[in-house]
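**Student:** Right, I'll just put the structure down here and ask away after.
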Amino acid sequence: MKIVAGGCSFTYNNEMTWAGEVAQNYDLINMGSCASGNDYIARSVIHQLEKQDNPFLICQWSGIHRRSYYIDQQHILAKTLSNSDWPDWAGNYTNIDEDAVKQADFWVKTGGNNIHTPGSNELIHKHFVEPYAKYFYSDEQALVESLENILRVQYYCDTRNIKNIMFWWKTELENYNMLKYSKELHEQVQKQNTVWLEPLGDWCVKNTTLQQQELDKGYHPTKAHHDEYAKKIVIPAIKENIK
3 MKIVAGGCSF
13 TYNNEMTWAG
23 EVAQNYDLIN
33 MGSCASGNDY
43 IARSVIHQLE
53 KQDNPFLICQ
63 WSGIHRRSYY
73 IDQQHILAKT
83 LSNSDWPDWA
93 GNYTNIDEDA
103 VKQADFWVKT
113 GGNNIHTPGS
123 NELIHKHFVE
133 PYAKYFYSDE
143 QALVESLENI
153 LRVQYYCDTR
163 NIKNIMFWWK
173 TELENYNMLK
183 YSKELHEQVQ
193 KQNTVWLEPL
203 GDWCVKNTTL
213 QQQELDKGYH
223 PTKAHHDEYA
233 KKIVIPAIKE
243 NIK
């Protein structure tokens, strides 16, 4: 059985995250990608699940403020963006083994700890995040879109009878005031056949040396922290649900 893993930098790279410990015990395909929002995560895991027979899904969700944007050669910023070298803000989930910005088309991922905090690249923040934050962003819309992406993956898994485990990078939904649209969607998410685990960052604060103020500033759990989460939370959940 193949295990498909999805997420942001809290999942990307087996050598740095919980996914590495899982990969030592199971046949794992890691679709995690730095700076990913929940739209990109949803697309990436469905893309990979579609290629597998009888897979198992572990999906880590990220910040609701994050978005991805499709870039092709006609895009006004295509040439500028393509001058980068393996940037963490670019991805192509259909070809994860090659530099995304050197491909014919790719996705820009906005990243960042929240809507007001720049990610790894000022160009991305200036051209993609700031206009969105100024003219379009609202907590409610971000909540709605993230919950719709979660439901999309849950519905896909349901149609194929794919068992799935999900968790957040850290406390996320609780940071916002849900209104009627997001509340309705959240209720639907909770009704689906998904096993929810404690958020990775929160568990690490409670059970490792990671400090809450470090997590709040956007720092990541260390590899040792990730390994503990994998051994004590993720792998036991896999064993329980693969039966």
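Residue numbers (this note's numbering): 3 to 245.
All C-beta atoms, glycine included, are put in the ideal place defined by N, C-alpha and C.
The structure displayed is predicted, hence computed values, not measured ones.
Whole angstroms is fine: what's the gap from E132's alpha carbon to K245's?
**Tutor:** Approximately 47 angstroms, taken between the alpha carbons.
**Student:** If we count Cβ pairs, one from each stretch, closer than 8 angstroms, do we get three or more for the segment 146 to 153 versus the segment 104 to 124?
**Tutor:** Flag = no, the segment 146 to 153 and the segment 104 to 124 do not touch.
**Student:** So which of D101, T210 and V24 has the shortest CA-CA distance to T224?
**Tutor:** Closest by alpha carbon: T210.
**Student:** What would DSSP say about F130, mapped onto helix, strand or coil?
**Tutor:** Residue state, collapsed to three classes: helix.
**Student:** I'd like the span of the beta strand (DSSP E) that includes S70, first residue to last.
**Tutor:** Taken as a continuous stretch (DSSP letters only), the beta strand (DSSP E) holding S70 covers S70 to I73.
**Student:** Between the beta-carbon of V6 and the beta-carbon of L59, is there less than 8 angstroms?
**Tutor:** Closer than 8 angstroms, so yes.
**Student:** Tell whether a beta-carbon distance below 8 angstroms holds between D141 and K172.
**Tutor:** Against a cut-off of 8 angstroms, the Cβ pair of K172 and D141 comes out as no contact.
**Student:** Does DSSP put A106 in a helix, in a strand, or in coil?
**Tutor:** Note: A106 maps to coil in three-state DSSP.
**Student:** When you compare the segment 18 to 36 with the segment 227 to 241, are there three or more beta-carbon pairs, one atom per stretch, that lie closer than 8 angstroms?
**Tutor:** At 8 angstroms Cβ cutoff, the stretches touch.
**Student:** On the premise that I66 lies in contact with S148, defined as a C-beta separation below 8 angstroms, what is that separation, rounded to the nearest angstrom?
**Tutor:** Indeed, because the Cβ distance is near 4 angstroms, the residues count as touching under 8 angstroms.
**Student:** With a threshold of 6 angstroms on Cβ separation, who are the neighbours of T44 within its own chain once the five nearest residues in sequence on each side are excluded?
**Tutor:** Looking at the sequence itself, residue 44 is Ala, so the reference to Thr does not match. These residues qualify, in order along the chain: N151, R154 and V155.
**Student:** Of the residues Q215, R69, L217 and F169, which one's Cα is nearest the Cα of T196?
**Tutor:** Checking every option, the nearest Cα to that of T196 belongs to F169.
**Student:** Output the residue ranges of the alpha helix (DSSP H) runs that lie fully inside the segment 7 to 70 and measure 4 residues or longer, sorted by chain position.
**Tutor:** You should have 20 to 25 and 40 to 51.
**Student:** What first and last residue would you give for the alpha helix (DSSP H) that runs through I240?
**Tutor:** Element bounds for I240: I237 to I244.
**Student:** Give the DSSP-derived three-state secondary structure of I167 in the structure shown.
**Tutor:** I167: strand per DSSP, three-state reduction.
**Student:** Between the C-alpha atoms of C61 and I48, what's the straight-line distance to the nearest angstrom?
**Tutor:** The straight-line gap from Cα to Cα measures roughly 11 angstroms.
**Student:** Using the Cα positions of R69 and Y14, report the straight-line distance between them to the nearest angstrom.
**Tutor:** Distance between the alpha carbons of R69 and Y14: 17 angstroms.
**Student:** Restricting to Cα atoms, I'd like to know which of Q194, A92 and T161 is closest to C39.
**Tutor:** One point to set straight first is that residue 39 is Gly, not Cys, in the sequence displayed. When each option's Cα is compared against that of G39, the closest is A92.
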